[in-house]
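Residue numbers (our numbering): 623 to 801. Beta carbons are placed, not taken as given, at the ideal position from N, Cα and C, and that holds for glycine. Report on the structure given below.
As structure tokens, this is what we get:
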């Protein structure tokens with residue numbers, strides 16, 4: 623049951639905001655990709671016609687700059703977020719529907735940004751992310767073999783980025799990838 627739909631807000635991005643730049647708060651731990659880092663952020667205000675205006679909405683950012691971004695960082699980003707596109711292939715993963723379940727309707731591939739502050743929206747989430755970092759540090763410290771460390775990271779933390787592709791395929795074939 624949805625008591626309040628965030629897209630009903632009078633200044634939500636879905637209503638067609640046309641910004642030259644915007645400010646947002648990172649609300650997830652950075653997720654490394656092959657050539658970028660993905661984070662979800664909440665837009666707090668936008669810059670249009672030489673004026674900052676209130677804005678709201680969740681956005682998926684792909685940051686090509688691997689600058690250390692943390693949960694709660696306030697980012698200043700130039701450019702305009704784009705609506706998440708529907709899949710072009712009928713058998714392709716539908717990221718648009720998947721993202722909409724988390725109220726994410728926009729995304730942007732960002733080359734340059736500024737970190738202008740840090741405001742953690744949830745201390746509980748911040749503590750959980752810190753615990754995850756602590757666990758990753760322990761895995762890296764006590765498991766010398768990079769392959770074994772990648773498997774441990776995948777099993778314990780759910781992060782499969784560092785795992786060897788062949789090992790990942792073996793887990794998929796055996797049906798244990800979900801473990």
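Just checking my contact of residue i with residue j at CB under 8 Å: how many whole Å lie between their CB atoms?
i, j, result
"residue 686", "residue 658", "5 Å"
"residue 649", "residue 663", "6 Å"
"residue 748", "residue 693", "6 Å"
"residue 633", "residue 677", "5 Å"
"residue 647", "residue 696", "5 Å"
With 16 other CB atoms within 10 Å as the buried threshold, where does residue i fall?
i, result
"residue 797", "exposed"
"residue 768", "exposed"
"residue 645", "buried"
"residue 746", "exposed"
"residue 673", "exposed"
"residue 715", "exposed"
"residue 703", "buried"
What is the residue span of the alpha helix (DSSP H) that residue i lies within?
i, result
"residue 791", "787 to 796"
"residue 718", "717 to 722"
Nearest CA to the CA of residue i: which residue from the options?
i, options, result
"residue 728", "679, 690, 692 and 760", "679"
"residue 691", "669, 742 and 672", "742"
"residue 758", "788, 681 and 779", "779"
"residue 718", "701, 681 and 694", "681"
"residue 656", "785, 638 and 730", "785"
"residue 781", "755, 642 and 792", "755"
Going along the chain, which residues of its own chain have a beta-carbon closer than 6 Å to the beta-carbon of residue i, five neighbours each way excluded?
i, result
"residue 783", "654"
"residue 623", "Only weak support exists for where residue 623 lies, its pLDDT of 48 falling under 50; the value from the coordinates is given anyway. There are no such residues."
"residue 660", "653 and 684"
In chain order, what residues of the same chain lie with their CB nearer than 8 Å to the CB of residue i, ignoring the 5 residues before and after it?
i, result
"residue 722", "706"
"residue 771", "761, 762, 765 and 784"
Apart from the five residues just before and just after residue i, which ones in its own chain have a Cβ nearer than 7 Å to its Cβ?
i, result
"residue 636", "629, 679 and 727"
Could you spell out the range, first to last residue, of the beta strand (DSSP E) harbouring residue i?
i, result
"residue 773", "Careful: residue 773 lies outside any beta strand (DSSP E), inside the alpha helix (DSSP H) at 768 to 779."
"residue 755", "Element bounds for residue 755: not the beta strand (DSSP E) but the alpha helix (DSSP H), 745 to 764."
"residue 700", "695 to 700"
"residue 728", "726 to 732"
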